[in-house]
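Each protein sequence line maps, in turn, to chains B and L. Each residue of the first sequence is one higher than the one before, starting from 1 at the first, in this note's numbering. Each residue of the second sequence is one higher than the one before, starting from 298 at the first, in this note's numbering. We put the CB at the ideal spot given by N, CA and C, even for glycine. Note that the structure is predicted; figures quoted are calculated from it, not measured. This report concerns only the one structure given below.
There are 2 protein chains.
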Amino acid sequence: MTIPTLLQTGLATRLASRTQTLTSQTSGLAPSHLQANLIVLPQRYASDFRLLCQRNPVPCPLLAESSTPGSFTTLTSHLRRTPSSVPIPLASDIDLRHDAPKYLIYRDGKVANEVTDLASHWEADHVGFLIGCSYSFEDALASAGLPPRHTVQGRNVPMYRTKLPLCPAGVFTGGTYVVSMRPYRIEDVERVREVTRRYVATHGEPIAWGWDGARRLGIEDIRRPEWGDVSLTEDGKAEFAEGLEEGVVPVFWGCGVTPQEAVMRAGLDGTVMGHAPGHMIVLDVKDHEAFDEVSKV
Amino acid sequence: MTIPTLLQTGLATRLASRTQTLTSQTSGLAPSHLQANLIVLPQRYASDFRLLCQRNPVPCPLLAESSTPGSFTTLTSHLRRTPSSVPIPLASDIDLRHDAPKYLIYRDGKVANEVTDLASHWEADHVGFLIGCSYSFEDALASAGLPPRHTVQGRNVPMYRTKLPLCPAGVFTGGTYVVSMRPYRIEDVERVREVTRRYVATHGEPIAWGWDGARRLGIEDIRRPEWGDVSLTEDGKAEFAEGLEEGVVPVFWGCGVTPQEAVMRAGLDGTVMGHAPGHMIVLDVKDHEAFDEVSKV
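Following this line, the structure appears as structure tokens:
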């Protein structure tokens, strides 16, 4: 795959998606640029969805939304360095209908089909929301000598449903966290926590780690992620398939697929849309523009 | 008890606590005024604690903190009507060491003693944090014809430990939600949700309700709250003691005792202090000054 080496910026990645040159997952593309999950809802659900994000900022960190209902090219940013600072613009040339490599369409709370663009589905009362993605801190992990294994292997991150309930908000009841998983050596977990801590708008530090953590999340089979690729060991075997790899444990972060799950649980009427898990919209803003200095680690 | 009828304002309630005229719980006092939980930590834990609140805004809505380390009379407010508006001042004459009716002192992660003021314990590097309290919306519930039963009975709200994990933040790992419980008729739960929804900085709408909700929270015995008073039926019997009261279910909100539990789990060094559960610091700001219009219910 040669495309990724060319896709060093958010704009290049969005344009490649827009022209359908890029239809694969985006982990590792445009290093240090923020990546975003997309969820698109009928306007009548927008205020409840904002509240869902406000009450569950770790799995659902709201970065931006359509500046007016129906808008897919102008966004109101909610990303601030501090609560009192001005919002940071996210992207100068963006089209929410085309700029993810792949999308899912939901009808009556179920996945109806997978598409490469939303042009024929987007209606005048649709509101698009961008949610932070943990791909945004993978470059920082690599720079700290802790590259996520799936990026080294050019695979998608494994994602899991959990039994950890979201705080409900209006119509959004019964939802649970979705998490992404990256395996690390036990002795590296504290540094992994420190490196990712400052990325508050892209899930921040892990929510759980180790086998105790997996159990508390209610993950029944670590070898079977609901989305993304099965994690492989450095030898290319299925991770955790033959008992524990010595000294390696799963580390779990909040995941921006959570809102799509919440939408399914809520059984909303009408057409709901989102990116396909792992196939993100990449933004212009870079991590050092959005977050405080790197922790001293 | 005649005191409560005199205590119609935040200042009156704080002065009564300050002079030790008031040493009982504060539910129902100073109707429509915001009430706050207190947690006081050595400065070295302050940034991790802020992050804990940011990641867990439903149980830990951060209202304000000491404006400088050691300060107990001047606060920096974090309470805003909207993310971009200016912070709302909380109280003009406040002393965090004296203005709760009762306090707990923690040493080495355990409750060491209960005191009526913190004057002899507060050190130069202590930082005080005020966290929103669900007493703040009880007046709104009463105005909507849904008075919480414990306020009608002049009792403290029952509070429970749960198994619902907090999102960890720095040294704060292993914490779980604490919840307050108010019984309501099943058919009133949606209105109760609507009335409390706008109180985003004082726990907002419930996080769980019904017997399914209690089970998801891991509450083993609804008849035995860890803090506060056992809930009574309208006939004065122990609530839920003899099977279910027909049509009545428990409704659970995030509770500001959560940070004190988180501190105990984290086993922090040094002296940590908090209000005694139910014995809050009452503020000058009123609910209509802090939150959007009452939902149309």
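Within the same chain, R315, D414 come within 6 Å of L/H395 by CB-CB distance, once the 5 residues on both sides are set aside. Annotation: B/S92 is outside any alpha helix (DSSP H) and is labelled neither H nor E by DSSP. When the Cα atoms are used, L/A397 and L/Q351 turn out to be separated by approximately 24 Å. L/Q351 has a beta carbon lying within less than 8 Å of a beta carbon in chain B.
Beta-carbon to beta-carbon, L/F434 and L/T530 are separated by about 23 Å, too far to satisfy the 8 Å threshold.
For a cut-off of 8 Å, the C-beta gap from L/F469 to L/P503 is around 24 Å, too long to register as a contact.
In this structure, L/I428 lies near L/P556, with their beta-carbon atoms less than 8 Å apart.
Between L/L514 and L/T459, the CB-CB gap stays under 8 Å.
Sequence-distant partners of L/D485 (beyond 5 residues in either direction) whose C-beta falls short of 7 Å from its own C-beta, in its chain, are L443. When rounded, the separation of the alpha-carbon atoms in L/R479 and L/V454 is 7 Å. In this structure, the beta-carbon distance from L/S431 to L/S477 falls below 8 Å. Taking 8 Å as the CB threshold, L/A559 stays off the interface with chain B.
Contact of B/L164 with chain L by beta-carbon distance below 9 Å involves L461, P462.
For B/F137, the three-state secondary structure derived from DSSP is helix. In the three-state reduction of the DSSP assignment, B/Y177 falls in the strand class.
With respect to the 8 Å criterion, L/L338 and L/V424 are classified as neighbours on the basis of their beta carbons. Around the beta carbon of L/E558, a 10 Å sphere encloses 16 or more other beta carbons of the protein chains shown; the residue is thus reported as buried.
What L/P522 touches in chain B, judged by beta-carbon distance under 8 Å, is nothing: the nearest beta carbon there is about 21 Å away.
Scanning L/Q322, L/Y400, L/D405, L/E420 for the CA closest to the CA of L/S363 turns up L/E420. In chain order, L51, Q54, R55, C167, A169 make up the part of chain B whose C-beta sits under 9 Å from the C-beta of L/G501. Between B/V58 and chain L, the shortest Cβ-Cβ separation is below 8 Å.
Taking 9 Å as the Cβ-Cβ cut-off, the region 380–391 of chain L approaches chain B at P380, S381, V383, P384, given in chain order. For a Cβ distance threshold of 7 Å, residue set P462 of chain L lies close to B/R216, ordered along the chain. When secondary structure is reduced to three states using DSSP, B/M159 falls in the strand class. Here the alpha carbon of L/I391 sits roughly 37 Å from the alpha carbon of B/P165.
For L/G571, the three-state secondary structure derived from DSSP is strand. The residues D48, L51, in chain order, have a CB closer than 7 Å to that of B/G170 in the same chain once the five nearest residues on each side in sequence are set aside. B/F291 and B/Y103 have their C-alpha atoms some 28 Å from each other. DSSP places B/R107 in the uninterrupted beta strand (DSSP E) bounded by 103–107. The Cβ of B/R14 sits no closer than 8 Å to any Cβ of chain L. Think of a sphere of 7 Å around the beta carbon of L/I428: no beta carbon from chain B falls inside it, the nearest being about 15 Å out.
Residues of the region 474–497 of chain L with a Cβ closer than 9 Å to any Cβ of chain B, in chain order: R490, E491, R494, V497. If you draw a 10 Å sphere on the C-beta of B/P83, you find fewer than 16 other C-beta atoms in it, and that means exposed.
DSSP places B/W211 within a helical segment (H, G or I) once states are collapsed to three. When secondary structure is reduced to three states using DSSP, L/R479 falls in the strand class.
Counting only the Cα atoms, B/L29 lies some 37 Å from L/P356.
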